[in-house]
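Trainee: Those sequence lines, one after another, are chains E and S.
The numbering of the first sequence is the working numbering, which starts it at 8 and goes up by one.
The numbering of the second sequence is the working numbering, which starts it at 1086 and goes up by one.
Glycine is no exception: its CB is placed at the ideal position from the N, C-alpha and C atoms.
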Amino acid sequence: MKVLLSGNEAVARGAYEGGCHFAAAYPGTPSTEILENISKYKDNIYCEWATNEKVALEVATGASFAGARALAAMKHVGLNVAADPFFSLGYIGATGGIIVVSADDPGMHSSQNEQDNRHYARAAKVAMLEPSDSEEAKELTRISFEISEKFDTPILLRMTTRLCHSKSIVKLGERKEVPIKGYKKDIKKRLVLPAHARIRHKYVEERLKKLAKFSETFEYNRIELNDTKIGIITSGISYQYAKEVLPDASFLKLALTYPLPFGLIEKFSKKVKKLYVIEENDPFLEMQIKAIGIDVVGKEIIPITGELNPSIVSEAFGKKKESVVIKEMPDIPSRPPALCPGCPHTPVFYTIHKLKLIATGDIGCYTLGALPPLNAMDTCVEMGASLGNAFGMEKVLGKEFSKKLVAVIGDSTFYHSGITPLIDIVYNKGITTVIILDNRITAMTGHQDNPGTGKTLMGEATEEIKLEDIAHACGVKNVYTVDPYNLKEFKKVLKREVAREEPSVIIAKKPCVLLLIRQKEIWPPYYVNEDECISCKLCLDLGCPAISMKDGKAVINEFLCAGCGVCVQVCPKKDKCIIQKKIS
Amino acid sequence: MKTKSVMLCGVGGQGILLASDLLSKVMMKKGLDVKKSEVHGMSQRGGTVVSNVRFGEKVFSPLIGKADADIILAFEKLEGLRHIEFLKQNGVIIVNDYEIEPLPVASGLAEYPENVIGVIQNTIKDTVVLDAFSIAKKAGSARSINIVLLGVLARKLEIDKETWYNAIEERLPEKTWEINKKAFDLGYEFIK
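1) Got a sec: is the Cβ-Cβ distance from M1092 of chain S to anything in chain E below 8 angstroms?
2) Which full runs of the alpha helix (DSSP H) of 4+ residues lie inside the region 322-366 of chain E, going along the chain?
3) Determine the direct distance from the alpha carbon of A1252 of chain S to that of I1278 of chain S, and round the result to whole angstroms.
4) Would you identify the three-state DSSP class for Y190 of chain E, choosing helix, strand or coil?
5) What residues in the region 561-583 of chain E bring their beta carbon closer than 8 angstroms to a beta carbon of chain S?
6) Report, in whole angstroms, the separation of the C-beta atoms of T235 of chain E and E286 of chain E, which I expect to be a contact under 8 angstroms.
7) Buried or exposed, going by whether 16 or more other CB atoms sit within 10 Å of the CB of I541 of chain E?
8) Does the beta-carbon distance from N1352 of chain S to K1121 of chain S come in below 8 angstroms?
9) So N1181 of chain S is in the beta strand (DSSP E); what residue range does that whole segment cover?
10) In angstroms, rounded to a whole number, what distance separates the CA positions of I311 of chain E and P290 of chain E?
11) Give the single residue among E:L474, E:E475, E:P458, E:K473 whose Cα lies nearest to the Cα of E467 of chain E.
12) So what's E213 of chain E in DSSP terms, helix, strand or just coil?
13) Please tell me whether V1180 of chain S has its Cβ less than 8 angstroms away from any Cβ of chain E.
14) Along chain S, in chain order, which residues have C-beta atoms closer than 7 angstroms to that of Y248 of chain E?
15) For A134 of chain E and Y265 of chain E, I'd like the C-alpha separation in whole angstroms.
16) What's the call for Y1183 of chain S, buried or exposed, on a 16-neighbour Cβ count within 10 Å?
17) Would you mind telling me which residues of chain S sit closer than 7 angstroms to A31 of chain E, beta carbon to beta carbon, in chain order?
18) Contact criterion: CB-CB distance below 8 angstroms. Does I1101 of chain S meet it with respect to chain E?
19) Bridge partners of R165 of chain E, per DSSP?
20) Just checking, does the region 430-442 of chain E make contact with the region 402-420 of chain E on the three C-beta pairs under 8 angstroms criterion?
21) Chain S beta carbons: is any one of them nearer than 8 angstroms to that of M556 of chain E?
22) Does DSSP classify C584 of chain E as helix, strand or coil?
23) Which runs of the alpha helix (DSSP H), 4 residues or longer, sit entirely within the region 418-455 of chain E?
24) Should S46 of chain E and L464 of chain E be called a contact, given that it needs their Cβ atoms to be closer than 8 angstroms?
25) Mapping DSSP to helix, strand and coil, what is F530 of chain E?
26) Output yes or no for whether 8 angstroms exceeds the beta carbon distance between F1171 of chain S and A1191 of chain S.
27) Please report the distance separating the alpha-carbon of A89 of chain E from that of V62 of chain E.
28) Counting pairs of Cβ atoms below 8 angstroms between the region 320-328 of chain E and the region 176-195 of chain E, do you hit three or more?
29) Does the Cβ of V332 of chain E have 16 or more other Cβ atoms within 10 Å, making it buried, or fewer, making it exposed?
30) Along the chain, where does the beta strand (DSSP E) that runs through V1135 of chain S open and close?
31) Could you check whether G1132 of chain S and G1098 of chain S sit closer than 8 angstroms to each other, using their CB atoms as the reference points?
32) What does L1183 of chain S reach in chain E if we use C-beta pairs closer than 8 angstroms?
33) Can you tell which of E:N87, E:S141, E:S118 has its C-alpha closest to the C-alpha of R125 of chain E?
34) Under 7 angstroms Cβ to Cβ from K410 of chain E, same chain only, skipping five residues before and after it: list those, please.
35) For the 8 angstroms Cβ check, are there 3 or more pairs between the region 1192-1202 of chain S and the region 1216-1227 of chain S?
36) What residues match up with K280 of chain E in a beta bridge as DSSP calls it?
Structure follows, in structure tokens:
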């Protein structure tokens, strides 16, 4: 049967067909839907949201130790978190086949950088596969388990945003059941103390040679001979753009891109007049090909920065198409993303802004608190950074400075990597104030469960791990849970805690507004009584997408308003001016 | 058949991804190769949403290049103008005469340009303008704006109604079939 699947759905399907028994991930755009879709096969595959990517890879490694076929999925920066087990796994290899999916984000649609994770395969000396559409994503995932077991190597399956979120036609196959091998002690393989690791490293170098030989004849590394004036070496999504723009050229299309098939590359180079490498971001293929003395044109014409697309390739080959020129083109205002109407993060950032605090931030929807008019975030580095960043500033600039400083982190991000820096603050005698934005869900990536929600990826009820308990257990004495919709109360607590010469944790607890709307908890919407509005524009300071000015008066778009009532508290005329609709 | 490209653009929440799903489904039913592409995540939080759909005998790039779209289906007029560089010379643009203020406009930091439709019509010969919101309400649900627009698109692509009805039935809950088919018909018959 043929179906239209996204790259992520296809990876999930490939895992299913390939006999995968175990899958773990921490949600992160563009990788999230891989595990969401694997959970549809939960009768065959155990699956979980792990606390973070490092844990995801560690539990998958454990599953492989037990002889099961295992997969861990993450976004590119997630592999930084999981890099420690990833490198050890490079030496340890596979018992049950093991795949690490890295979903890179060229163009940074939803990320802090566009690191090219193909370098990780080379650094950790593991085999890497790069699909170029959904059919290949499925097939290469399926085959990866076999390659992994045959060569005793973990597989880095490298996806990119455009593959993850593009749909193309996939032919479905049957699941191949593979028995779980069971555990057999082998400390020379799995216990990488130096004496063992030294032997293992030699083994890994031998393994790479075998893999390079396999790469030469691997069916997905193929030459498509056509007009020989131009020869293109490419992999992943870049193949599709190149093929679109240069349909008549000859291609060496690579899927197993580490280790590279240098024999095949040399053979291809001799068949064509001029050789090009078309690849997104870093010159990963290009540098290795140049290193063996083959002359190619690559980054001279294809940019390193940003996402590749057919227009860029067209331009690089002098085939630019002219767009229509609009007469009298006006300035088009941008449409930046914003916190949703009724978002419980809004009153928190509004208060931080009003108290003129410095806020170290973190990764999630709430990073949008940095945008105007809230302007309430100073830094955002990576998952869990807010606490350590704040504490470092405090140690250098002193307690008085720290009284104007707050670290802001989301609930899921706190479980992911906020706990260890909180311990650091207490242990090293800090006074840092931490706000945990507890919206009861992993919101940014589309509402996944986490250790605080009391539910697993497989839909089972589980222990709810309470943020208050964690904070207390880390040695924080001042832990307060506040409803952020109550502006006055929240401001009082925040003012008191930043002034306190002890560490504090404030938990701003309110479900994501999208959950509240679904449960009809904060409905109906509000409207402005025009006769009472004094045009002070104070309500605009919230940056709520539902509020705007029309003919000098504030108006609330009733289709957008969620009914949170925070604007009423900001308005000098309170509920005389902003009134909740009565709906019978 | 030569590969055709349709770009659907608008604002998060307008049902663009559902519309591009239906379009892709219809083209698959017609036995064509189909690719569709959009980006999830940060870009969806109240921001611009773009979906690329390409179909033909063999499709390579899931992304539409500049000056490569045969048709732009704009769910919001400013988004139509924003993406006009993707339209082919002599391409078609179908514009919903509907305005959603970007946040910088709502908060008074920028202005929504005047006469957006006129600016488009002045340059693009084949511009179809409709008030899909009112038409959808006439069909029975304001939420069917996306289906009304698909109706217009279907007429431009010259694809029979029956295949679209099938796609609607496969993709949407039964209780919405009647309204959505009506919305589709009203869109289909919009171009006389």
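Mentor: Result, derived from the coordinates:
1) Under the Cβ criterion of 8 angstroms, M1092 of chain S is not counted among the residues facing chain E.
2) Counting only runs that start and end inside the region 322-366 of chain E, the alpha helix (DSSP H) elements of at least 4 residues fall at 352-361.
3) For chain S, the structure presents residues 1086 to 1277; residue 1278 of chain S sits outside this window and is missing.
4) The answer is coil: DSSP assigns Y190 of chain E none of H, G, I, E or B.
5) Residues of the region 561-583 of chain E with a C-beta less than 8 angstroms from any C-beta of chain S: none at all.
6) Between the beta-carbon of T235 of chain E and that of E286 of chain E there is about 21 angstroms, and that puts the pair past the 8 angstroms contact cut.
7) Residue burial is scored here from C-beta neighbours: I541 of chain E has fewer than 16 other C-beta atoms within 10 angstroms and is therefore classed as exposed.
8) Nothing in the structure corresponds to residue 1352 of chain S, since chain S is present only between 1086 and 1277.
9) Looking at the DSSP string, the run of the beta strand (DSSP E) that includes N1181 of chain S is 1172-1181.
10) About 7 angstroms.
11) Ranked by how close their Cα comes to the Cα of E467 of chain E, the residues E:L474, E:E475, E:P458, E:K473 have E:P458 in first place.
12) E213 of chain E carries a helical assignment under DSSP once its states are collapsed to helix, strand and coil.
13) Chain E contact via Cβ: absent.
14) For Y248 of chain E, the chain S residues whose Cβ falls inside 7 angstroms of its Cβ are S1146, in order along the chain.
15) Going from the Cα of A134 of chain E to the Cα of Y265 of chain E covers about 5 angstroms.
16) Buried, since its Cβ has 16 or more Cβ neighbours within 10 Å.
17) For the C-beta of A31 of chain E, not a single chain S residue is nearer than 7 angstroms; the gap to the nearest is close to 21 angstroms.
18) No, no contact with chain E.
19) Per DSSP, E:S109.
20) Taking a contact to require three or more Cβ pairs closer than 8 angstroms, the region 430-442 of chain E and the region 402-420 of chain E qualify as touching.
21) Nearest CB-CB separation between M556 of chain E and chain S: below the 8 angstroms threshold.
22) For C584 of chain E, the three-state secondary structure derived from DSSP is helix.
23) If only complete runs of 4 or more residues are kept, the region 418-455 of chain E shows the alpha helix (DSSP H) at 418-424, 426-434, in order along the chain.
24) In contact: S46 of chain E and L464 of chain E (Cβ atoms closer than 8 angstroms).
25) Residue 530 of chain E is actually Trp in this sequence, not Phe. It is coil, neither helix nor strand.
26) Their beta carbons are not under 8 angstroms apart, which means F1171 of chain S does not touch A1191 of chain S by this criterion.
27) Roughly 8 angstroms separates the two Cα atoms.
28) With the cut-off at 8 angstroms, the region 320-328 of chain E and the region 176-195 of chain E do not touch.
29) Exposed: under 16 other Cβ atoms inside 10 Å.
30) Unbroken beta strand (DSSP E) run through V1135 of chain S: 1133-1141.
31) No, the pair does not count as a contact, with Cβ atoms beyond the cut-off.
32) Per the sequence presented here, residue 1183 of chain S reads as Tyr, with Leu not at that position. In chain order: nothing, as chain E lies at least about 12 angstroms away.
33) The alpha carbon of R125 of chain E has as its nearest neighbour, out of E:N87, E:S141, E:S118, the alpha carbon of E:N87.
34) Cβ neighbours of K410 of chain E beyond the five flanking positions: V505, A506.
35) Note that the region 1192-1202 of chain S does not touch the region 1216-1227 of chain S; fewer than 3 beta-carbon pairs, one per stretch, sit closer than 8 angstroms.
36) K280 of chain E is not bridged to any residue.
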